[in-house]
Amino acid sequence: MLISKVSQTNFCGKIIDVHVHTGHWDKQNEGKPNGTEPYTTGDIFERADKVKQDGDTISKIIISNLDCIKEENGKPLLDEIKGNEKLLAECKKDARMAVLAVCQPKNGNVDNIKNLFKHHPKGFVGLKFHPLMSGLDASDIKYVPYLEFAQKKHLPCLFHSQVNVDNNSGQLLNDNISVADPAKIYQSARKAPKAPVILGHMGAGWGQAHSKAVDILVESIEKGDANLYADISWVDFKDPEKPNVIAAIKRLMNTQKGDKTDRLLFGTDAPIAEYSTDKDLYARVVRETKAAIRKNFGDKADELIEKIFYKNADNLFFSQKPASKVKTGAIIAGGLVVLGGILWALKDKFSSAETNKE
Numbered sequence: 001m002l003i004s005k006v007s008q009t010n011f012c013g014k015i016i017d018v019h020v021h022t023g024h025w026d027k028q029n030e031g032k033p034n035g036t037e038p039y040t041t042g043d044i045f046e047r048a049d050k051v052k053q054d055g056d057t058i059s060k061i062i063i064s065n066l067d068c069i070k071e072e073n074g075k076p077l078l079d080e081i082k083g084n085e086k087l088l089a090e091c092k093k094d095a096r097m098a099v100l101a102v103c104q105p106k107n108g109n110v111d112n113i114k115n116l117f118k119h120h121p122k123g124f125v126g127l128k129f130h131p132l133m134s135g136l137d138a139s140d141i142k143y144v145p146y147l148e149f150a151q152k153k154h155l156p157c158l159f160h161s162q163v164n165v166d167n168n169s170g171q172l173l174n175d176n177i178s179v180a181d182p183a184k185i186y187q188s189a190r191k192a193p194k195a196p197v198i199l200g201h202m203g204a205g206w207g208q209a210h211s212k213a214v215d216i217l218v219e220s221i222e223k224g225d226a227n228l229y230a231d232i233s234w235v236d237f238k239d240p241e242k243p244n245v246i247a248a249i250k251r252l253m254n255t256q257k258g259d260k261t262d263r264l265l266f267g268t269d270a271p272i273a274e275y276s277t278d279k280d281l282y283a284r285v286v287r288e289t290k291a292a293i294r295k296n297f298g299d300k301a302d303e304l305i306e307k308i309f310y311k312n313a314d315n316l317f318f319s320q321k322p323a324s325k326v327k328t329g330a331i332i333a334g335g336l337v338v339l340g341g342i343l344w345a346l347k348d349k350f351s352s353a354e355t356n357k358e
């Protein structure tokens, strides 16, 4: 990242967006009349690449297929195999695109996902869940086999999270808990505590919803009983001051376990809803979020920006190795050390024998 000493302007920041989509969303798709056309990867880049005007570059976008999420007559438009393979084939044309395999615990089976990874070992970078659209409570036991598979393979799991709030007052509706409530996602995540689980939209809704999601995120960090993250898609997207993003950063900087800002990820949910109708929104959200971080965090801002927009996601999705491989590597390395010690001892013994002969 190159920084101007005078203006503190970011000239070449890399961006990884962990939350974008292709496919059909609703019958009256914004910008796609009557739902006759799906959102495409071209729709995403038409908006995302506008960050170039501020000197930024899209390094990766992490995509999931809405056709595996959107349901008609109680079933997704496409199943776990067809929908995920369709998107994977489309994304091979651009190295910037990485794919999440959408999971359907209500209608599908974890064996479908296992077979996808078997037949496409380098194809998918994680899993995607949408409790709200499926109507399957995020605490349901049907999620557990998927999370256990994710834990085994060290696959990040992106959940749509949403706290029910009153749209007029912004108050939490505790008598009508969302099936995608962060607390319910946390409950399932604890059953596979090493699986990286991302609270998409950081609880969605208003300020109290975001605060609840951050409370749960921090609780999981301090208790060490789940491996939770959060993305900031839709958070404060209309507010240039980004108060909930800033509050989340401050909380994560000061947990009982130290600075845990590595748990916060940039995402947008593009190109649906307002991102469809306002093609400049993507670049504006990036610009305003960076400006708000600079305003609030002084000399720590550049590091935070790089972490939230790039490093955290790069480490989570593209740099870390599955635990099994790390363990295997450690065993091999340890064996080499032991073997080296044995050979050295034999060398000393042989040398002593030769000396005695003389």
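Read in full-length UniProt numbering, the sequence shown has 96 at position 96, and its numbers run on one by one without any break.
Think of the CB as a built atom: it goes at the ideal place given N, C-alpha and C, for glycine as much as any other residue.
Please read all numbers here as calculations on a predicted model, not as lab measurements.
Here Thr289 is buried: its Cβ has 16 or more other Cβ atoms, across all protein chains shown, within 10 Å. Inter-residue distance for Asp181 and Ala226 is about 16 Å (C-alpha atoms, whole angstroms). Under the DSSP definition of a beta bridge, Ile58 partners with Ile15. With contacts defined as CB atoms closer than 8 Å, Leu304 and Val18 fail to qualify as a contacting pair.
Residue environment analysis places Lys92 among the exposed positions, since fewer than 16 neighbouring C-beta atoms fall within 10 angstroms of its C-beta.
Ranked by how close their Cα comes to the Cα of Asn168, the residues Ile62, Pro131, Gly207 and Ser211 have Gly207 in first place.
For the pair Leu155 and Ser188, the CB atoms are not nearer than the 8 Å cut-off. Its chain contains Val218, Ile221 and Glu222 as the residues whose beta carbon lies nearer than 7 Å to that of Thr255, once the 5 sequence neighbours on both sides are disregarded; these appear in chain order. Taking C-alpha positions only, Leu136 is separated from Gln104 by approximately 9 Å. A contact between stretches requires three or more CB pairs, one per stretch, nearer than 8 Å, and the stretch 199-216 meets this requirement with the stretch 225-245.
CA-CA distance, Pro243 to Asp299, rounds to 19 Å. At the C-beta level, Leu158 and Gly126 come within 8 Å of one another.
Distances from the alpha-carbon of Gly13 to those of Ala230, Phe309 and Ser319 put Phe309 closest. For Pro193, there is no enclosing alpha helix (DSSP H), as DSSP gives it neither H nor E. Straight across, the Cα-Cα distance linking Asp231 with Ile62 is about 12 Å. For Val110, the three-state secondary structure derived from DSSP is helix.
Less than 8 Å separates the beta-carbon of Val51 from that of Val286. Leu264 is bridged by DSSP to Ala230.
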